[in-house]
Amino acid sequence: MEYAIGQAARAAGMTASTLRYYEQEGLIVAKRHENGRRYFDQEDVNWLKFIHHMRSTDMPIADLARYVKLRRQKVEGSQEELLLIMKKHERHLIEKMAHYQSNLDMVRYKISMYEHELKDGDNDLFELFKERRCRSDQ
Numbered sequence: 002m003e004y005a006i007g008q009a010a011r012a013a014g015m016t017a018s019t020l021r022y023y024e025q026e027g028l029i030v031a032k033r034h035e036n037g038r039r040y041f042d043q044e045d046v047n048w049l050k051f052i053h054h055m056r057s058t059d060m061p062i063a064d065l066a067r068y069v070k071l072r073r074q075k076v077e078g079s080q081e082e083l084l085l086i087m088k089k090h091e092r093h094l095i096e097k098m099a100h101y102q103s104n105l106d107m108v109r110y111k112i113s114m115y116e117h118e119l120k121d122g123d124n125d126l127f128e129l130f131k132e133r134r135c136r137s138d139q
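The numbers in this note's numbering rise by one with no breaks, and the one at position 128 of the sequence shown is 129.
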């Protein structure tokens with residue numbers, strides 16, 4: 002099946018302008034009809050989905066471009082560099098998850114404080130915060 006640029010973009014979950022940007026950055030190479038019009042096949046759409054997914058996890062364009070280039074070239078031994086690129090990104094995601102977990106812990110702590118205040122009615126939130134903080138420091 003052949004996809005026009007808008008169809009390929011929709012199938013991959015992105016806008017046509019994003020697809021054009023990825024093409025400009027060398028992440029995808031469009032095929033062209035004799036009249037110069039771009040088209041994409043199912044393999045291209047699958048690549049676009051992968052690229053879109055990796056970008057949604059904040060993989061830098063430069064790392065993604067290097068990854069795509071290595072995959073296209075199919076040079077023996079490139080698997081090691083591909084693995085390094087993915088391991089680097091994994092570390093980034095682990096750090097990001099730890100950051101989000103810390104933020105979630107703070108939100109849950111605040112929820113707990115408000116629930117206690119509503120339940121007890123007479124506790125001051127600041128006093129409750131100090132009391133819990135002292136307990137957690139021990």
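By construction, the Cβ of each residue, glycine as well, lies at the ideal position given by its N, Cα and C atoms.
Restricting to runs no shorter than 4 residues, where is the alpha helix (DSSP H) found entirely within the segment 55-121?
62-74 and 79-121
Leaving aside the five residues before and after HIS34 along the sequence, list all residues of the same chain whose C-beta is less than 8 Å from its C-beta, in chain order.
TYR40
With three or more beta-carbon pairs closer than 8 Å as the criterion, would you say the segment 57-72 touches the segment 83-94?
Contact between the segment 57-72 and the segment 83-94 is present, because at least three Cβ pairs lie under 8 Å.
Could you have a look at ARG11 and say whether DSSP puts it in helix, strand or coil?
helix
Under a three-way DSSP split, which group does ARG38 fall into?
coil
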